[in-house]
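Read the structure below first, then the notes.
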Amino acid sequence: MLSPFWGVLRHKLAWWDPDQHKRGMKQGEEMGLSNKYILNLFESTGYKLIKREKFILGLNNLYIFEKGR
C-alpha cells in the first residue's frame, strides 16, 4: 500500500496509464493509506502485525498480519 503522499503523486504522474482512464477513482477510494492508519485498523480488530516489507524502491508496503489469540 502506498502512503497518501506517494499515492497522490503516482496518480498524477499516471495520466498516460490507460487503466487510470478506464477505472478512475470511485467514491470512497483513497489515494493511499498511512502506516499508522493500517496498523490501527488491523490492531483494533484483533490482528497483530507479523511483518512489514517495503518494495518498489521502498515506496510500497506489504503487511502481514495474524489473528490475535
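For the sequence shown, this note's numbering gives the first residue as 625, with consecutive numbering after it. Cβ coordinates follow ideal geometry from the N, Cα and C atoms, glycine included. These numbers were taken from a predicted model, which means no experiment stands behind them.
Measuring CA to CA, which of the options is closest to residue i?
| i | options | result |
| --- | --- | --- |
| TYR661 | LYS636, TYR687, LYS650, PHE679 | TYR687 |
| LEU673 | ARG693, ALA638, GLY656 | ARG693 |
| GLU667 | GLU690, TRP630, PHE679 | GLU690 |
| PHE629 | GLY652, PRO642, LEU657, ASP641 | LEU657 |
Who does residue i pair with in a DSSP beta bridge?
| i | result |
| --- | --- |
| LYS672 | GLU690 |
| GLU677 | LEU686 |
In the DSSP assignment, find the unbroken alpha helix (DSSP H) run with residue i in it and report its ends.
| i | result |
| --- | --- |
| GLU667 | 659-667 |
| LYS636 | 628-637 |
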